[in-house]
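First to last, the sequence lines map onto chains A and B. Heads up, the first sequence is in this note's numbering, so the first residue is -4 and it goes up one at a time. Heads up, the second sequence is in this note's numbering, so the first residue is 16 and it goes up one at a time.
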Amino acid sequence: NAGVTQTPKFRVLKTGQSMTLLCAQDMNHEYMYWYRQDPGMGLRLIHYSVGEGTTAKGEVPDGYNVSRLKKQNFLLGLESAAPSQTSVYFCATRELASYYNEQFFGPGTRLTVL
Amino acid sequence: GNSVTQMEGPVTLSEEAFLTINCTYTATGYPSLFWYVQYPGEGLQLLLKATKADDKGSNKGFEATYRKETTSFHLEKGSVQVSDSAVYFCALSANTGNQFYFGTGTSLTVIP
């Protein structure tokens, strides 16, 4: 089992360009999350999904859009990238049903916006 | 609301030293508490968890006890190794809502 995978691993964009980050999971988990990690700020939640076809905003959703058309995939889109979106992005999944279940993380995508 | 406050780093220890990383929380309801570890260039991995008051989570020589009276979940290890060098995150999951709340992380470097 691959667990949680993220594509791509690295990306450099110019200001104003767009891109999509893909998170894929083979654990059949209902919940999926997108975080960004910046130095000194820990993990901040961007968007999350509690099931196929659903999405919800997290702490820092501005400038990002998401879609969950299939249960196993959660896409994070940047329509017009800005230097402030330079960060490491992590996807996480969680099994349904209980608040004591942990999250499982992907390896991350390092994005630089010039 | 829900939040986690973690001891600021970075922390540098000699091999075989005792480690404590402090974590306190604020939560509505009855949270579950977690410690995650992040090795350089990798994603976060669950280190241990506790789901109710007075529970002790343990893994790889690390321990943390869920203390409701002090709203704390401090991470300890009796003898650290160079391979423990990483960033450690405390987190909580409330029994209401779908989100996790993470601390800002504590960087640990263990020197031989």
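Even glycine gets a Cβ: it sits at the ideal position worked out from N, Cα and C. None of these values were measured; they are calculated from a predicted model.
Less than 8 Å separates the beta-carbon of B/Pro127 from that of B/Glu30. Identification of residues in the stretch -4 to 14 of chain A having a C-beta nearer than 7 Å to some C-beta of chain B yields an empty set. Residues of chain A with a Cβ closer than 9 Å to the Cβ of B/Phe77 do not exist; the shortest Cβ-Cβ separation is about 15 Å. In the three-state reduction of the DSSP assignment, B/Asp99 falls in the helix class, which pools H, G and I. In summary, B/Lys67 is exposed, with fewer than 16 beta-carbon neighbours lying within 10 Å of its beta-carbon over all protein chains present. A/Arg105 is positioned such that its CB atom lies no closer than 8 Å to that of A/His24. Counting only residues of its own chain and dropping the five nearest sequence neighbours on each side, B/Lys71 has a CB closer than 8 Å to the CB of Ala65, Glu78, Ala79, Thr80 and Tyr81. Note that the C-beta distance between B/Ala106 and B/Phe49 is below 8 Å. In this structure A/Leu71 does not touch A/Leu8 by the C-beta definition: roughly 13 Å separates them, more than the 8 Å allowed. Of the residues assessed, A/Ser79 falls on the exposed side of the cut-off, its CB having fewer than 16 other CB atoms within 10 angstroms. Sequence-ordered contacts of the stretch 59 to 83 of chain B with chain A read Leu59, Gln60, Leu61, Lys64 and Thr66 [C-beta pairs closer than 8 Å].
Distances from the CA of A/Gln67 to each of A/Ser75, A/Lys52, A/Gly37 and A/Tyr28 were compared; the closest alpha carbon is that of A/Tyr28.
For A/Leu109, there is no enclosing beta strand (DSSP E), since its DSSP letter is neither H nor E.
Using a 10 angstroms sphere on the CB of A/Glu54, the tally of other CB atoms stays under 16, which defines it as exposed.
Under a criterion of Cβ atoms nearer than 7 Å, no residue of chain B is adjacent to A/Met22; the nearest Cβ is some 14 Å distant. Residue burial is scored here from C-beta neighbours: B/Lys75 has fewer than 16 other C-beta atoms within 10 angstroms and is therefore classed as exposed.
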